[in-house]
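These notes are about the structure you will find just below.
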Amino acid sequence: MLPKVIGFLLIPVYTVYLSPQDFGLVDLATSLGAFILVFMRLGVPGSVLRFYFDHQEGEALKDYITTIFWFLLGCSLIVGAVTALILYTTGDKIVPGLPFYPFVVMILIWAFFNSNTDLQRRLLQAREQSAYSAKLSTITALLTISLTILFVIALKWGAVGVVGATVITAIVFFIQGQVYLHKDLKGKFSWSQLIPSFTYAMGILPYHLISNAAPVINKSILSGYESLAAVGILGIALRFTIPLTIFISALQSSFTPLYYSVRTDEQESLKGKKNLGDLVVRIWSVALLLLAGIICFGGLAIQLFTTEKFHEAIHLLPGISISFIIGLAAYIFGNEIYYQKKTWWVAIISTVQVGVNFVGLLLFLPLFGLIGVGYAMLVAAIVAAILQVLVARKYYQFSIPWKKFLLSIVLMLGLVFLSHLIDTRLILWRMIYFGFLFVIFVWAMFYFKLLQLQWIPLINKIAKKYHERR
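Numbering of the sequence shown is given in the working numbering, commencing with residue -15 and proceeding in unit increments.
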């Protein structure tokens, strides 16, 4: 989540000193780097939080951490070398418009030096060193922002400066990670300790691979069909949905434990079903409120904080934002799939979503141009959500107040329709019109009791649990 926040804070720098094509290079390189990083880690750091408590502090834990560390380092080196060979020979076909040198080279260096950062983060979580983790995140953000400003504004390195700032930050915190881990790395490598973690990680790895492949596929196709500038405009639109993605991430950190606690309480099963249904409606309503804010004020924010060459991103916001909300609904119901330990369904549904998105891009880009990306994401999200809900409710069905749920959707569709009735670049008129729309939407949510002030403690609880888990 931290890279997203940094990206949001740097929007004024990006849009003034970078062209849409430069920003497209940065966005495509960043997405490619995230995908490569999944291959380098193979999901193994995620198992540390699970197996840490099997060893506790001591020699056995040192052996375990040493084993994971050297596995990650070796795997990163091998994956990096193979990826470099593939992209050097066929990179122009896989990621059109992204030069091997310097961008692919820098991204590979960045990914390699990020090999131990997630290991350190998981250990900080397990040891409940939240203060240390918060300081580390703050320093990382400040260093990245400072280097980006230096390279882009002062030295005028453009896209190279943005990616270069992340590379230097990765190297600095790789060294810092060595300092933090030096006492833990005095153990011995153990295959017997690696295999359980590797097996554990394989269960969810397909999902991470597919979910990180989707942005690369989207942006590669967009670069090939349209241009790198189109990728840059898409990247700006995505950054203005960050408040919504932060809420969804917070929900993922807090809702799952609540869901599992209700599911395991057999004595309160009937009451639990109703409580879950009420909780889902509350979360859904708050998410719709955030979505309404993005639809009403996201375009205005793009006008205020970006230069005119990026203003086409305004038209992408509704489709992208709604696809995230639909993904939220899928996640809420999808908790049952994880509870039933049927995680292979997650990989299947994610694959279907990527496939539908791919076909949608091929169909919609020639018809609608850049805005077709939003349509493709929306259709793919709807298909995936339907599949996830059907599978989840096959195992367990909690009570949903469907009238309220459907009414909230009708209100949102009405807001989306009304938001398309005006297409003016006059900031004052946008403020008046969309401000009025937002007030009416909020009033309607309260009038139909889809939103209540008593739900504020719920949001505080979600935020608190989110920060605890970070």
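Idealized CB from N, CA, C, for every residue including glycine.
Predicted model, so just to flag it, every value in this text is computed and none were measured.
Given a cut-off of 8 Å on the beta-carbon distance, is the pair residue i and residue j in contact?
| i | j | result |
| --- | --- | --- |
| L56 | R25 | yes |
| F19 | V200 | yes |
| D11 | G216 | yes |
| I91 | A198 | no |
| P86 | V144 | yes |
| G311 | L189 | no |
| V63 | F23 | yes |
| I220 | T290 | yes |
| S455 | W268 | Residue 455 is absent from the structure shown; the chain starts at -15 and stops at 454. |
| L134 | V32 | no |
| V375 | W329 | yes |
| F(-8) | I309 | no |
| A213 | P350 | no |
| T101 | G161 | yes |
| V373 | F430 | no |
| I93 | Q287 | no |
| L275 | L228 | yes |
| L272 | M396 | yes |
| A369 | A313 | yes |
| I129 | L(-6) | yes |
Below 7 Å CB to CB, which residues in the same chain sit around residue i once its five sequence neighbours on both sides are set aside?
| i | result |
| --- | --- |
| A364 | Q337, V340, N341, G344 |
| L402 | L421 |
| L434 | S269, K388, L391, S392 |
| S334 | Y191, I194, S195 |
| L9 | L82, F87, A143, L212 |
| I366 | I310 |
So, at 8 Å on beta carbons, what are the nonlocal neighbours of residue i in its own chain, with the 5 sequence-adjacent residues on each side left out?
| i | result |
| --- | --- |
| M361 | N202, G303, I304, S307, N341, G344 |
| I159 | none |
| G283 | I298, L301, R414, F418 |
| A285 | F224 |
| I137 | V(-3), Y1 |
| Y116 | L108 |
| I78 | I70, L71, S204 |
| T327 | G187, I188, Y191, I321 |
| Y244 | N319, Y323 |
| L354 | L206, E210, A214, I217, L218, E296, H299, L300 |
Taking C-alpha atoms, which residue in the options lies nearest to residue i?
| i | options | result |
| --- | --- | --- |
| Y36 | T327, I286, L272, Q177 | Q177 |
| P536 | V400, F432, A369, L402 | This structure does not reach residue 536, given that the chain is present from -15 up to 454, and the question cannot be answered. |
| L371 | Q162, I332, L189 | I332 |
| V400 | L410, F425, P350, Y379 | F425 |
| L242 | Y323, I226, F224, L222 | Y323 |
| Y315 | I133, T225, R377 | R377 |
| I298 | K326, R223, W329 | R223 |
| D407 | K119, L169, E296 | E296 |
| L131 | V146, G142, G283, A368 | V146 |
| K293 | F(-8), M186, Y1, L(-6) | Y1 |
| T183 | G356, G30, M396, L9 | G30 |
| P80 | Q113, L274, L16 | L16 |
| W54 | P180, T327, W175 | W175 |
| L71 | V88, S60, G58 | V88 |
| F382 | K140, L263, P180, I137 | L263 |
| S181 | G42, L165, R34 | R34 |
| K167 | A110, G42, K326, C59 | G42 |
Compare the C-beta of residue i against all C-beta atoms of chain D and say whether one is closer than 8 Å.
| i | result |
| --- | --- |
| G171 | No chain D is part of this structure, which consists of one protein chain only. |
Excluding the 5 residues preceding and the 5 following residue i in the sequence, name in chain order all residues of the same chain whose CB lies nearer than 6 Å to its CB.
| i | result |
| --- | --- |
| G358 | L300, G303, I304 |
| Y380 | E320 |
| H39 | L45, Y48 |
| G356 | F348, L349 |
| K172 | D47 |
Run through DSSP, which three-state label would residue i get?
| i | result |
| --- | --- |
| S60 | helix |
| V367 | helix |
| P427 | Note on residue identity: the sequence assigns Trp, not Pro, to residue 427. Here W427 sits in helix by DSSP. |
| D407 | coil |
| Q251 | Because Q251 carries a pLDDT of 47, less than 50, the predicted location of this residue cannot be relied on, and no value is offered for it. |
| I384 | coil |
| W141 | coil |
| P199 | helix |
| N319 | helix |
| L434 | coil |
| P83 | coil |
| K172 | coil |
| L263 | helix |
| G455 | With the chain running from -15 to 454 in the structure shown, residue 455 is simply not present. |
| G187 | coil |
Discussion item. Closer than 8 Å is the cut-off here; do at least three beta carbon pairs connect the segment 142 to 159 with the segment 84 to 104?
Written reply: yes
Item to complete: Please confirm if the segment 228 to 247 is in contact with the segment 209 to 218, defined as three or more CB-CB distances below 8 Å between the two stretches.
Response: No: fewer than three Cβ pairs fall under 8 Å.
Worksheet item: Can you find at least 3 beta carbon pairs, one from the segment 41 to 56 and one from the segment 115 to 128, that sit closer than 8 Å?
Response: no
Practice prompt. Check whether the segment 404 to 421 touches the segment 279 to 288, taking contact to mean three or more Cβ pairs, one atom from each stretch, closer than 8 Å.
Written response: yes
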